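Okay, structure first, notes after.
In the working numbering, the protein residues as written are 44 to 370.
Next comes the structure, spelled out in structure tokens:
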């Protein structure tokens, strides 16, 4: 995303992640936000570009926790932050992770992390001053990843940011210290990246479905539409007489758990996540029903059922094919 003279983006495997629903927030024109897809286990880097005539510092907040010291970026410079220096000679990379759950009831009812699933980057104007040699403690950063949450108050489908395996790096002998150009100015730009699993973004209609899934939808032609409607009507009449067994496997695969917390401000976000998961289940069921309807319609648009030992069609009994999924 770009705002004013600053640009920030998130990259995985050296490629920028696509940004969706990019829009300004607030009334001062200094904040912009978007959604990006996340994948558990994937490492990522935060890239900065400073197109202004002054130096900038970028403050990184991941899931509500400061991620190391501010990142200084000189005028006209592009750079990146790919992890946290945990010791003077080792660094651990940022990565997307599954949210850890626990059955520890002491965590039940605690207020959820309001910033979970988001990265906030602030840009401020600075003036650099001469180099300053670092001590061992000053050369290392700090980051507190999100801890376990109770399994019954888990946010459905949410990822978090953690740190990957560490690697050896050269020690930082010195750093450029600085001061704010105008302490009263505040951030000149704020970037908010809300990361979610791709399937959840698709279910919430933030990310469009791929062409292969859209092409699988039935055409709206008269013959195909009428045969599908007829088949669906027969299926509904059969389901009225016995319990349905539709797509139980898909429902089990999607982790949708009710939030029984204390009614904190995160309820709205929790409800949005759960609605997205529910929409994902319903969309899968609908596609599977339509696919079976098309197969049953065949070339003639009529549904037939072969009785054992005969070659006739529906016969006088008017049998109906069971299109529901088996267990």
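Ideal Cβ positions, reconstructed from N, Cα and C, are used throughout, including at glycine. All figures in this text were calculated on a predicted structure; none of them were measured in a lab.
{"Check": "By the three-class DSSP mapping on this structure, what secondary structure does residue 211 have?", "Outcome": "strand"}
{"Check": "Tell me the residue span of the alpha helix (DSSP H) that contains residue 138.", "Outcome": "That residue, residue 138, is in no alpha helix (DSSP H); its beta strand (DSSP E) goes 133-141."}
{"Check": "Would you kindly check if the distance between the Cβ of residue 135 and the Cβ of residue 84 is under 8 Å?", "Outcome": "no"}
{"Check": "Apart from the five residues just before and just after residue 121, which ones in its own chain have a Cβ nearer than 6 Å to its Cβ?", "Outcome": "92"}
{"Check": "Ends of the alpha helix (DSSP H) at residue 244?", "Outcome": "241-246"}
{"Check": "Taking buried to mean at least 16 other C-beta atoms within 10 Å of its own C-beta, is residue 68 buried or exposed?", "Outcome": "exposed"}
{"Check": "Using the Cα positions of residue 243 and residue 63, report the straight-line distance between them to the nearest angstrom.", "Outcome": "13 Å"}
{"Check": "Can you look up residue 79 in the DSSP assignment and give me helix, strand or coil?", "Outcome": "strand"}
{"Check": "Where does residue 106 land, buried or exposed, given buried means 16+ other C-beta within 10 angstroms?", "Outcome": "buried"}
{"Check": "By Cβ distance below 7 Å, which residues in the same chain neighbour residue 181 in space, the five residues on each side in sequence not counted?", "Outcome": "For residue 181, the pLDDT reaches just 44, beneath the cut-off of 50, and the residue's location in the model is therefore unreliable, although a value from the coordinates is still provided. Nothing listed; no residue qualifies."}
{"Check": "Using the C-alpha atoms, what's the distance from residue 88 back to residue 111?", "Outcome": "14 Å"}
{"Check": "Pick from 71, 59 and 169: whose alpha carbon is nearest that of residue 225?", "Outcome": "169"}
{"Check": "Counting only the same chain and skipping the five closest in sequence on each side, list residues whose C-beta sits under 8 Å from that of residue 223.", "Outcome": "167, 168, 169 and 170"}
{"Check": "To the nearest angstrom, how far is it from the Cα of residue 100 to the Cα of residue 49?", "Outcome": "11 Å"}
{"Check": "Identify whether residue 252 lies in helix, strand or coil by the three-state DSSP scheme.", "Outcome": "coil"}
{"Check": "Suppose the cutoff is 8 Å on Cβ atoms and the five residues either side in sequence are ignored; what does the same chain contact list for residue 132 look like?", "Outcome": "211, 212, 213 and 214"}
{"Check": "Have a look at 77, 128 and 326 and flag the residue whose alpha-carbon is nearest the alpha-carbon of residue 249.", "Outcome": "77"}
{"Check": "Once DSSP output is grouped into helix, strand and coil, what is the label at residue 103?", "Outcome": "strand"}
{"Check": "Helix or strand or just coil, what does DSSP make of residue 324?", "Outcome": "helix"}
{"Check": "Going by beta carbon distance, what residues of the same chain come within less than 8 Å of residue 228, once the five residues before and after it are set aside?", "Outcome": "167 and 168"}
{"Check": "Among 127, 202 and 117, which one has its Cα closest to the Cα of residue 142?", "Outcome": "202"}
{"Check": "Tell me whether residue 51 is buried or exposed, calling it buried when 16 or more other Cβ atoms sit within 10 Å of its Cβ.", "Outcome": "buried"}
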